[in-house]
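Okay, structure first, notes after.
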Amino acid sequence: TGDEYSPGNWGHLDQVAALRWVHDNIANFGGDPGSVTIFGESAGGESVSVLVLSPLAKNLFHRAISESGVALTPGMVSKEVKPVAEQVAIAAGCKTTTSAVMVNCLRQKTEDELLEATRKLNCPFLPTAIDGVVLPKAPEEILAEKNFNTVPYMVGINKQEFGWLLPLIMGYPLSVGKLDQKTATSLLRKSSPYLNVPEDVIPAAIKEYLGGAEDPVKNRDLFVDLIGDVLFAVPSVIVARHHRDAGATVYMYEFQYHPSFSSDLKPEMVMGDHGDELFSVFGAPFTKEYNQKEGYLKIGATTQAAQGLKDKEVAFWTKVSTKEAAE
1 TGDEYSPGNW GHLDQVAALR WVHDNIANFG GDPGSVTIFG ESAGGESVSV LVLSPLAKNL
61 FHRAISESGV ALTPGMVSKE VKPVAEQVAI AAGCKTTTSA VMVNCLRQKT EDELLEATRK
121 LNCPFLPTAI DGVVLPKAPE EILAEKNFNT VPYMVGINKQ EFGWLLPLIM GYPLSVGKLD
181 QKTATSLLRK SSPYLNVPED VIPAAIKEYL GGAEDPVKNR DLFVDLIGDV LFAVPSVIVA
241 RHHRDAGATV YMYEFQYHPS FSSDLKPEMV MGDHGDELFS VFGAPFTKEY NQKEGYLKIG
301 ATTQAAQGLK DKEVAFWTKV STKEAAE
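Position 9 (the sequence shown) corresponds to 9 in our numbering; numbering is contiguous.
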């Protein structure tokens with residue numbers, strides 16, 4: 001609610017608590033509390049960006065990586081969070097008379113009830129609050145004042161952040177691979193509230209990106225670039241520049257690849273969709289392929305490969321055990 005009843009940013013406070021635990025305890029597990037790297041993707045990238053800006057996280061980490069998401073990403077940070085809290089309360093069947101009434105009601109709900117409530121929301125994301133604690137000021141102000149954690153920072157984006165996954169989730173008619181300028185303009189107007197694109201800027205944006213292009217396929221690709229730039233690319237570059245200007249080490253990347261093992265539903269033309277880099281980050285291209293052949297080694301004077309260790313015996317005893325359990 002953004003007031004004393006529920007200031008918000010509970011997730012970020014959990015992240016700070018986790019970092020404090022690592023700082024105090026990781027040495028007992030062979031880790032180095034003086035060498036902590038935080039990283040995240042999408043909303044996770046925004047979380048990392050917020051921690052870079054937060055005084056609560058000072059000296060708790062020493063490097064940071066934001067993939068496809070920063071504190072300047074439109075819709076991710078808000079000073080007025082109560083309207084969102086009211087939406088959640090209504091979806092959960094709570095009265096919105098006062099903050100106290102809302103918070104008390106929501107805290108009586110079970111996890112399942114809260115999850116069901118979020119399913120009813122058009123956009124089930126709760127923004128980071130400018131609460132004066134986690135974020136003392138708006139991200140733009142903190143960056144301008146150069147008053148943040150100047151750790152080495154890697155900031156990255158994907159080439160087509162709005163290529164397939166996000167428009168699919170948001171219900172944009174881009175899967176057909178074609179788009180005329182009239183529809184593009186209409187979609188941008190529809191999206192302007194959460195893209196932070198003023199109504200009077202829309203014609204200039206359409207002209208800048210789509211120009212006079214008549215090819216509907218090209219229009220679609222240019223529109224994808226437009227939304228991807230507004231949501232991810234431009235905010236990420238601005239954050240990186242502020243970090244650089246504060247005298248900190250900063251790196252940037254753009255991921256431009258269509259993973260061969262990504263969803264078959266994703267069009268081949270989409271290069272570097274939102275989240276595509278995660279396959280590489282977590283080593284999927286180098287993961288061994290496993291099968292159901294149940295191979296094993298016979299180790300004796302010589303070592304031989306074989307399959308189906310004690311296959312018949314396991315089948316027999318499984319059958320016997322199942323029969324006894326049924327009786």
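Cβ atoms here follow ideal geometry from the backbone N, Cα and C, with glycine treated the same way.
Range covered by the alpha helix (DSSP H) that runs through residue i
i    : result
E113 : E111 to R119
N104 : S99 to L106
A205 : I202 to L210
E145 : P139 to E145
H242 : V234 to D245
G2   : Careful: G2 lies outside any alpha helix (DSSP H) and carries neither H nor E.
G45  : A43 to L53
L186 : Position check: residue 186 holds Ser in this sequence, whereas Leu was assumed. Its alpha helix (DSSP H) spans residues Q181 to L195.
E313 : D311 to A326
P167 : L165 to M170
V217 : P216 to G228
For residue i: DSSP bridge partner residues
i    : result
N25  : According to DSSP, which records beta bridges pairwise, N25 is partnered with nothing at all.
N158 : F255
Y153 : A64 and V250
T37  : R63
A129 : S78
D273 : Q160
Nearest-angstrom Cα separation, counted from residue j out to residue i
i    : j    : result
H243 : G228 : 22 Å
P235 : K298 : 58 Å
D311 : S262 : 35 Å
A205 : L222 : 11 Å
P285 : L278 : 11 Å
M76  : G308 : 53 Å
T150 : L13  : 20 Å
P127 : L115 : 17 Å
G275 : M269 : 16 Å
G247 : S68  : 23 Å
N104 : V88  : 13 Å
A213 : N122 : 32 Å
I90  : A100 : 14 Å
L231 : K288 : 35 Å
V134 : I202 : 33 Å
F148 : T110 : 37 Å
S54  : G132 : 10 Å
A325 : T318 : 11 Å
S49  : E208 : 29 Å
F125 : S192 : 17 Å
P83  : T1   : 8 Å
F162 : S47  : 20 Å
M271 : D200 : 31 Å
L60  : L19  : 6 Å
V250 : R63  : 10 Å
A144 : L174 : 37 Å
L106 : E80  : 19 Å
S42  : E254 : 14 Å
Extent of the continuous beta strand (DSSP E) to which residue i belongs
i    : result
Q307 : T303 to Q307
L297 : G295 to I299
Three or more C-beta pairs below 8 Å linking the region 169-186 and the region 140-148: They do not touch, by the three-pair rule.
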